[in-house]
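Per my numbering, the sequence shown starts with residue 1197, numbered consecutively. Where a beta carbon is used, it is the ideal one built from N, C-alpha and C, also for glycine. Since this is a predicted model, take the numbers as computed values, not measurements. In what follows, a single structure is set out as structure tokens and then discussed.
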Amino acid sequence: VNTNLRPSLLHLEILRHTSTQPTMTSSSIPIALSNDSLAPSSSAAAAAVGVGSTASKAVAGAGVAASKSASSAIAALTWKQHIVIGGLARGTATSSMFPVDTMKTRLQMGATNGMHSVLKPPYFAGYGAAICSQIPYGMVVFGTYETAKTALIEKFPGAPKLGLYLSAAVLGDLMGSLVLTPGEIVKQQTQAGLYKTNTDALRGILARRGARGLYQGYFGLVARDLPFRALQLPMYEQFKDFFAARYTNGVVDDIRPHQAACIGAAAGMISAGLTNPVDVIKTQMMVGKGDASVLQVVRNVHTERGILGFAAGAPQRMGFLGGSSAVFFIVYEFARGTMQDGSLSWTVEMMG
């Protein structure tokens, strides 16, 4: 030991000996040195141990905080990024499940010749109109929803989250319905076989009723989509919170895309089943040739097919929206995770 050093606290390393001396493990003991003597300082040792313990706790706490901060950062996207992700996810989901949607529409319109009329090609009739409206719809709905949800949570931190999710979902769907309705009308009239192509359907609608015809059944669409979205998105958020509390230590953004897909499918199927009667009414209003009111459509369906008429296409609708929700949320959550600051953490661990 350098005895020229001023009084200070040093660490002397005691090495393991292989001689007849008692075996000692390597450790670090604080020694107080002075110009007059060299003796262990118990108070210095205690202080060092206390500092070390505090430092260890601080490092551990910082690690946990950093981990949670990194996870939370995944959700901190701009509204522009949410718009892009919403459009991408919506387009993918619509494309992958479109044939099921076609069969559902035929069933709700009372297809003749039984299942042969339902299952016969073409399966992608009306696809062009659908994709041209569904992508902007996804951009508007989820851009609005995520932005409104974040703003509401920041403004009302003590409010129940379910109410905030519900408000954001309603606002998002109201905005999206304005974009979706024209394409939905063209798509469904083509799916139902009233026209051979989307172009024919568009021309026919405009010739018969003008631009106003593109919003035929708008209120039926809103009456269907508002309850659906008001159920689906809050249910998805609540299911995520429950899953995170049980499996990811309460960190929602640690839920991986394939897990989000299962959660989204469950929320989509339940919401679809509960809102199927309104979907039947909406389809009849959009495909019908008159200006029938909601009450008139309800009477017609009940007269022709009884109470079970409102369940027409329910299995197909649940399968369609369950599947499309799974596709939507796996794409949405995957894209959200990879887009945040260029992070590819979920790309590597997605199926881990």
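Legend entry - C-alpha gap between F1530 and F1435, whole angstroms: 18 Å
Legend entry - Residues of its chain near V1418, where Cβ-Cβ distance is below 6 Å and the 5 sequence neighbours each way are ignored: S1373
Legend entry - Limits of the alpha helix (DSSP H) - the one that M1481 falls within: N1472 to V1483
Inset, instruction - State whether the segment 1352–1362 contacts the segment 1324–1336, with contact taken as three or more CB pairs (one from each stretch) at a distance under 8 Å. - result: no
Inset, instruction - Whole angstroms is fine: what's the gap from D1574's alpha carbon to V1314's? - result: Any property of residue 1574 remains undetermined from this structure, which presents the chain solely from 1197 to 1548.
Inset, instruction - Within the segment 1279–1351, note down every full alpha helix (DSSP H) run reaching 4 residues or more, in order along the chain. - result: 1311–1315 and 1323–1351
Legend entry - Pick from P1318, E1500, L1517 and K1345 that is closest to T1290, judged by C-alpha positions: L1517
Legend entry - Separation of V1382 from E1342, as counted between CA atoms: 29 Å
Inset, instruction - Check each candidate in G1406, N1445 and R1513 and name the one with the smallest Cα separation from N1472. - result: R1513
Legend entry - For I1526, the nearest candidate out of C1458, V1494, A1468 and G1339 (CA to CA): Selected option, being the one with the closest Cα: C1458.
Legend entry - Distance between G1502 and E1508 (C-alpha atoms, nearest Å): A small fix is needed here, since residue 1508 is Ala in this sequence, not Glu. Separation of A1508 and G1502 (C-alpha to C-alpha, rounded to the nearest whole angstrom) is 11 Å.
Legend entry - Per-residue DSSP class, three states only, for G1354: coil
Inset, instruction - List the whole-angstrom C-beta distance separating F1524 from R1302, where the pair is believed to meet the contact cut-off of C-beta under 8 Å. - result: With 8 Å as the limit, F1524 and R1302 do not qualify as a contact, their Cβ atoms being about 23 Å apart.
Inset, instruction - Assign F1294 to buried or exposed, taking buried as 16 or more other Cβ atoms, counted over all protein chains shown, within 10 Å of its Cβ. - result: So F1294 ends up on the buried side.
Inset, instruction - Under 6 Å Cβ to Cβ from G1282, same chain only, skipping five residues before and after it: list those, please. - result: G1334, M1335, F1338 and G1339
Inset, instruction - Report yes if the CB atom of A1522 is closer than 8 Å to the CB atom of A1461, and no otherwise. - result: For the pair A1522 and A1461, the CB atoms are nearer than the 8 Å cut-off.
Legend entry - Cβ-Cβ separation, A1397 to Q1385 (assumed contact under 8 Å), whole Å: 5 Å
Legend entry - Outcome for F1352 when other beta-carbon atoms lying within 10 angstroms are tallied against a minimum of 16: exposed
Legend entry - Rounded straight-line distance, which links the Cα of G1446 to that of T1534: 21 Å
Inset, instruction - Excluding the 5 residues preceding and the 5 following G1414 in the sequence, name in chain order all residues of the same chain whose CB lies nearer than 8 Å to its CB. - result: What sits at residue 1414 in the sequence shown is Tyr, not Gly. Closer than 8 Å at the Cβ level, and outside the excluded window around Y1414, lie S1373 and T1377.
Inset, instruction - In angstroms with no decimal places, state the Cα-to-Cα distance between V1474 and V1494. - result: 9 Å
Inset, instruction - Pull up the distance between the alpha-carbon of V1483 and that of T1288, whole angstroms please. - result: 25 Å
Inset, instruction - Just the C-alpha distance for S1467 and M1431, rounded to the nearest angstrom, thanks. - result: Going from the Cα of S1467 to the Cα of M1431 covers about 9 Å.
Inset, instruction - Compute the distance between the beta-carbons of V1375 and P1318, then report whether it is under 8 Å. - result: no
Inset, instruction - Could you tell me whether the Cβ atoms of G1469 and A1510 are closer together than 8 Å? - result: yes
Legend entry - Own chain, CB closer than 6 Å to G1409, minus 5 neighbours either side, in chain order: I1401
Inset, instruction - Using alpha carbons as the reference points, say which of A1407, M1481, S1329 and L1429 lies closest to L1367. - result: Nearest Cα to L1367 within the set A1407, M1481, S1329 and L1429: L1429.
Inset, instruction - Can you give me the Cβ contacts of D1437 inside the same chain, cut-off strictly under 6 Å, excluding the 5 residues immediately before and after it? - result: none
Inset, instruction - Would you mind stating whether F1506 and V1476 have Cβ atoms separated by less than 8 Å? - result: yes
Inset, instruction - Answer with yes or no whether the minimum CB distance from P1332 to chain C is below 8 Å. - result: Any reference to chain C falls outside this structure, which holds one protein chain only.
Inset, instruction - Note down the Cα distance separating M1299 from S1520, rounded to an integer number of angstroms. - result: Answer to the nearest angstrom: the Cα atoms are 15 Å apart.
Inset, instruction - Could you round the C-beta distance between V1490 and G1416 to whole angstroms and report it? I think they count as a contact, below 8 Å. - result: 7 Å
Inset, instruction - Please say whether T1479 and M1311 have beta carbons closer to each other than 8 Å? - result: no
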